[in-house]
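Oh and the sequence shown: position 158 is 236 in our numbering, straight run, nothing missing.
Glycine included, each C-beta is placed from N, C-alpha and C at the ideal position.
Encoded as structure tokens, the structure appears first; notes follow it.
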Amino acid sequence: MVTLRALNPDDAPALTRVYSGACIRHTTGKPLALVQAHEKIRTALARAAESPRAGAQWSWGILIEGEVIGLISLRRRTSTMGTISYILRDDSWGHGYATLAASQVVTVAFTTAGLNRLEATHHPDNPASGRVLTKIGFTHIGTSDRQTYDGTTVPYEMYALQKRILV
Numbered sequence: 079m080v081t082l083r084a085l086n087p088d089d090a091p092a093l094t095r096v097y098s099g100a101c102i103r104h105t106t107g108k109p110l111a112l113v114q115a116h117e118k119i120r121t122a123l124a125r126a127a128e129s130p131r132a133g134a135q136w137s138w139g140i141l142i143e144g145e146v147i148g149l150i151s152l153r154r155r156t157s158t159m160g161t162i163s164y165i166l167r168d169d170s171w172g173h174g175y176a177t178l179a180a181s182q183v184v185t186v187a188f189t190t191a192g193l194n195r196l197e198a199t200h201h202p203d204n205p206a207s208g209r210v211l212t213k214i215g216f217t218h219i220g221t222s223d224r225q226t227y228d229g230t231t232v233p234y235e236m237y238a239l240q241k242r243i244l245v
């Protein structure tokens, strides 16, 4: 069972494991040092403490049997639109954990956060992330050129999900 929870300072070593090896191939390309993991957690906790909670970002650890195997975030981009992103340890790929975690965050986005639209992107060499998005209802809407950490431009795949309003 996938559980999401707020990060805590004890999660820093687990985050360094998440942000390493094959997991970062299509992100920064650089491993996350322990001091950077602590800073990422401090930032997430500060955002979570904002009142009122109209802040720009929510972050949760993705846990399996109490162990942090990833991170998922929801970012408010406008008053009604947000983005989601996620990263999982490479030894947890292919088990549906990202799908389950993302589905939970979509619920938060459309209820608690009051958003009406979500968007997400993934690197073109990471089609598994696109499958996660389509499984939870996102639609492929095109590509968006992004500058990568090494200065090259890559056409990231773009997806969107509109809140369904029942009448």
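For residue i, the three-state DSSP class (helix, strand or coil)
i, result
"Pro202", "coil"
"His218", "strand"
"Thr158", "coil"
"Leu196", "strand"
Beta-carbon proximity check, residue i vs residue j, cutoff 8 Å
i, j, result
"Ser170", "Ile142", "yes"
"Trp138", "Ala84", "yes"
"Met159", "Leu211", "no"
"Gly107", "Asp168", "no"
Paired residues, beta bridge with residue i - DSSP
i, result
"Trp138", "Ile150"
"Leu166", "Gly148"
"Thr81", "Leu141"
"Thr231", "Gln225"
"Gln114", "Looking at the DSSP assignment, Gln114 forms no beta bridge with any residue, so it has no partner."
Contact belief for residue i with residue j at Cβ below 8 Å, rounded distance in angstroms
i, j, result
"Arg120", "Gln135", "That pair is no contact at about 13 Å."
"Leu196", "Thr161", "7 Å"
"Leu82", "Thr94", "Rounded, the Cβ-Cβ distance is 20 Å, inconsistent with contact."
Inset, instruction - Give a yes or no on contact between the region 178-187 and the region 108-122, applying the rule of three or more CB pairs nearer than 8 Å. - result: no
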